[in-house]
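Step one of this worksheet: look at the structure below.
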Amino acid sequence: MELAWGEDFAALADVSKSVFARYSPLEDRSNTVPFADQVAQFAELGWLQLGDPTGADADSPSLATIAGIFVEAGRSLAATPLLELTMSRDAALVLGTDEATNLAKRIGNGEAVVVPVFPSPEWGSSVTYENGTLDGVALAVDHAGDADSFLVYAPGVESIVAVVEASSATAVEAMPNMGGYPMFAVTFDKVPVADAAVLARGADADSAVEVAEQRAAVLRAAQLYGAGLKLLDITVLYAQQRHQFGGPIGRFQAVQYLCTDLAIAAHFTSVHARSAAAALDAGLDPQPHIGLMRKQAAKAAQEIVHSAHEVHAGIGYMIESNVHLFTDAAKRWQFDFGSAARNDADIVDALDRIYTGTGR
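Residues in the sequence shown are numbered from 9 upward in steps of one, following my numbering.
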């Protein structure tokens, strides 16, 4: 069963399938596409200009439609910088100043490779801005090693969003990890930031980053959904082909339940992501939907690989099996969606705000 998201979703998905086949470790684990080539291809396809988080461009595709690309990215397990570039452009568009709009245009044309450095407390990251300088370390910044510039968010009493040349960071160090992700620790040690580089301050900065992160969470959930669909296909096929006691293991009810659990986890994530995308597209308060989506997606990231491993048994842990590739990706995404405690708190805050007027 496929859950179509928007009118143009299928057309976009068809193109995405052919593009990401080149990037997919499921097709060829030794095949890697250089970062610059990926950016150039995305720019040529117009994928770096999709979507308008402000809603000012009525002809811009909805977030629900854009998600079609990310479903296919997840289905192929393609490691691309598309999400990071989209986040930077979204934040710049929301800021809306001349400088920010020009930056968004350059990102959309593939002329500026700007990676967001939005420090997450859950990763132990903290970056501050005081007396015109940046201080602190942002962890798990994807593709930082290939960026021209960083879009740095320093939250605080007076938050800022600033464009900083990547070469001006004190250190950009690769973070070794089991999944082999291009994650980096970006360090700022009293790095001066010119006033002209500061795109926004205070509530404007906070709001732009919040919107960019909400939209990115929807697209990440779309990736998880796509990965779940592909893992379901692989697992069901294995259950049909693996024989025990004179027949396929898929005839056993216990195995059927595991495949069903995998399907339910993936499709529930899609349902919540579609609700969040619809709220963002309609300009409604998305926070209740975002909170529920993040909670479901974090849970699904665990459940889909658990069910797949149960069906594959020891085969799933072998390096030759593709199942462990999904495990690596899902574990990273699980952290991206945050802890159950954080998501529960966000959901409670959103409900308090709606029904009692309290909450954040």
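Ideal Cβ placement from N, Cα and C applies to all residues, glycine included. Just so it is clear, the structure is predicted and the values come from calculations on it, not from any experiment.
Asked, Found
"How big is the Cα-Cα spacing for P163 and P129?", "11 Å"
"Assign F3 to buried or exposed, taking buried as 16 or more other Cβ atoms, counted over all protein chains shown, within 10 Å of its Cβ.", "Here the chain covers residues 9 to 368 and nothing more, so residue 3 does not appear."
"Using a Cβ-Cβ cut-off of 7 Å (strictly less than) and excluding sequence neighbours within five positions of L71, which residues of its own chain qualify?", "G59, R223, V226, A285, L288, D289"
"Between which two residues does the beta strand (DSSP E) holding P5 run?", "The question about residue 5 has no answer here: the residues shown for the chain are numbered 9 through 368."
"Cα separation between A348 and R228?", "17 Å"
"Is the region 67-87 in contact with the region 298-310, if contact means three or more CB pairs nearer than 8 Å?", "no"
"Candidates T277, D150, V331: which alpha carbon is nearest L93's?", "D150"
"In chain order, what residues of the same chain lie with their CB nearer than 6 Å to the CB of R89, ignoring the 5 residues before and after it?", "Arg is not the amino acid found at residue 89; the sequence shown has Pro there. Within the same chain, P89 has close Cβ partners H151."
"What does DSSP give as the partner residue(s) for G255 in the beta ladder?", "Q252"
"Output yes or no for whether 9 Å exceeds the beta carbon distance between P200 and Y161.", "no"
"I think P33 touches L85, with their Cβ atoms under 8 Å apart; what is that distance to the nearest whole Å?", "6 Å"
"Please indicate yes or no: does the CB of A349 lie closer than 8 Å to some heavy atom of the ligand COA?", "Only the bare structure without any ligand can be found here, which leaves the ligand COA out of the picture."
"Could you check what DSSP says for V149 in three-state terms: helix, strand or coil?", "strand"
"Counting along the chain, where does the beta strand (DSSP E) carrying S134 start and finish?", "134-138"
"With respect to the beta strand (DSSP E) encompassing M191, which residues constitute its N-terminal and C-terminal limits?", "191-200"
"From which residue to which residue does the alpha helix (DSSP H) around L207 run?", "Counting along the chain, L207 falls outside any alpha helix (DSSP H), though it belongs to the beta strand (DSSP E) covering 206-209."
"With distances taken from CA atoms, which of P294, G153, V102, M95 is nearest A64?", "V102"
"DSSP has I242 in a bridge; who is on the other side?", "I242 pairs with nothing; no bridge assigned."
"Can you give, in chain order, each stretch of the alpha helix (DSSP H) that sits fully within the region 68-111 and has at least 4 residues?", "71-84, 90-103"
"Tell me whether I327 sits in a helix, a strand or coil according to DSSP, three-state version.", "coil"
"Is the region 100-116 close to the region 33-45, with three or more CB pairs under 8 Å?", "no"
"In or out: Q248 buried (at least 16 other Cβ within 10 Å) or exposed?", "exposed"
"Within its chain, find whatever has a CB closer than 6 Å to the CB of M9; leave out the 5 residues flanking it on each side and keep chain order.", "No answer about M9 holds up, because its pLDDT of 43 lies below 50 and its placement is not dependable."
"Span of the alpha helix (DSSP H) holding V313?", "295-320"
"Whole angstroms are fine: how far does the CA of S329 sit from the CA of A198?", "Here residue 198 is Lys; the residue named in the question, Ala, does not match the sequence. Spanning the two alpha carbons is a distance of roughly 46 Å."
"Quick check on DSSP: helix, strand or coil for L142?", "strand"
"For A349, which three-state DSSP category applies?", "helix"
"Closest by CA to E119, which one among A44, D143, A211?", "A44"
"Quick check on this structure: which residue in N110, F260, F334, G254 has the alpha carbon closest to the alpha carbon of L240?", "F334"
"For S175, does the count of other Cβ atoms within 10 angstroms reach 16, so buried, or fall short, so exposed?", "exposed"
"Give the single residue among G82, A87, G54, I77 whose Cα lies nearest to the Cα of Y31.", "A87"
"Return the Cβ separation of A155 and V122 in integer angstroms, given the expectation that the two are a contact with Cβ distance under 8 Å.", "7 Å"
"When DSSP labels each residue in this structure, what does E173 get in the three-state scheme?", "strand"
"Can you tell me whether DSSP reads V27 as helix, strand or coil?", "helix"
"Taking C-beta to C-beta, are V331 and T195 nearer than 9 Å?", "no"
"What three-state label does DSSP hand E52 in the structure shown?", "helix"
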